[in-house]
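Structure record follows, encoded as structure tokens.
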Amino acid sequence: MSVAVESSMSRASLPIPTFSQAEQSFSLKKRHVPLSLSSLSNSSDSSPLRLSYSMPPLPPSKGCPPLSRVFHPRPSPWTPLSGSLKKLPCPKSVYDPSKQQSFFSQCFTNLGLLGRGSFGEVFKVQSNVDGRLYAVKCSAHRFRGNSERTRSVREARNHERLCPHPHILDFVAAWEECGRLYIQTELCSTSLLLHAENQPPGPGLYAEDIHLTLMLVT
Numbered sequence: 175m176s177v178a179v180e181s182s183m184s185r186a187s188l189p190i191p192t193f194s195q196a197e198q199s200f201s202l203k204k205r206h207v208p209l210s211l212s213s214l215s216n217s218s219d220s221s222p223l224r225l226s227y228s229m230p231p232l233p234p235s236k237g238c239p240p241l242s243r244v245f246h247p248r249p250s251p252w253t254p255l256s257g258s259l260k261k262l263p264c265p266k267s268v269y270d271p272s273k274q275q276s277f278f279s280q281c282f283t284n285l286g287l288l289g290r291g292s293f294g295e296v297f298k299v300q301s302n303v304d305g306r307l308y309a310v311k312c313s314a315h316r317f318r319g320n321s322e323r324t325r326s327v328r329e330a331r332n333h334e335r336l337c338p339h340p341h342i343l344d345f346v347a348a349w350e351e352c353g354r355l356y357i358q359t360e361l362c363s364t365s366l367l368l369h370a371e372n373q374p375p376g377p378g379l380y381a382e383d384i385h386l387t388l389m390l391v392t
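The numbering of the sequence shown is our numbering, which starts it at 175 and goes up by one.
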């Protein structure tokens, strides 16, 4: 009986702890008190330094890629590649870059398709600058990379350096537009195939003449 009384008295004598803020959770983060317009107007020491501590900047988004990866920079509508276009650009009365039409559509009148191949298409055109007839070769597809573009630009510049030559088409101009290569040359009256087919049959010297002509070009 005495043991039970002593145990009950020992339980009653133990102090019960009290928590002043038991309803709040423990956190190591610093609490930021939101600012109101009234508190800002009534506060006498609302300096920029105090505002910077009370209103931290928003953290950057981790799930959004940069704009340069979403919206790729738009290539220029056209870029002159030959010295002739760089020295004597198309007059503003003919080509207006603010219009939706391409450089090719504004500067030339397309008179029809001359030929098509794996390299691209060749059109018979009339220049809106001087009114003369020319041939314009357009690449079949857009550049698939920097290496392909470099090869195409080298082709145009090599053609420009070789001219004038009696056995090569006269080079007029070259430009890049919407990822494609355009080369403007003189307009021939016929093709090499039709010219060879229309020649009368003769001795074997004709083939040697063609070979000699090719050797002179190279």
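Backbone N, C-alpha and C fix where the C-beta goes; we use that ideal spot for every residue, glycine too.
Proximity below 8 Å, CB of residue i to CB of residue j
i           : j           : result
residue 293 : residue 309 : no
residue 289 : residue 296 : yes
residue 343 : residue 359 : yes
Residues sharing a beta bridge with residue i, DSSP
i           : result
residue 286 : 298
residue 308 : 299, 360
residue 253 : 350
Integer-rounded CB distance, given that residue j should sit under 8 Å from residue i
i           : j           : result
residue 269 : residue 282 : Incorrect: roughly 10 Å between the Cβ atoms, too far for contact.
residue 317 : residue 334 : About 19 Å separates the two Cβ atoms, so there is no contact after all.
residue 264 : residue 303 : 6 Å
residue 349 : residue 262 : Between residue 262 and residue 349 the Cβ distance is about 13 Å, and since that is not below 8 Å, they are no contact.
residue 351 : residue 251 : 7 Å
residue 330 : residue 272 : About 27 Å separates the two Cβ atoms, so there is no contact after all.
residue 298 : residue 361 : 6 Å
Top-ranked residue by Cα proximity to residue i, from the options
i           : options            : result
residue 354 : 257, 262, 233, 312 : 312
residue 279 : 230, 339, 356      : 356
residue 323 : 233, 253, 231      : 253
residue 305 : 284, 341, 338      : 284
residue 301 : 347, 375, 325, 320 : 347
Next item on the list: Jot down the residue ranges of each uninterrupted beta strand (DSSP E) in the segment 313-356, minimum 3 residues, whole runs only, in chain order.
Entry: The qualifying runs are 345-351.
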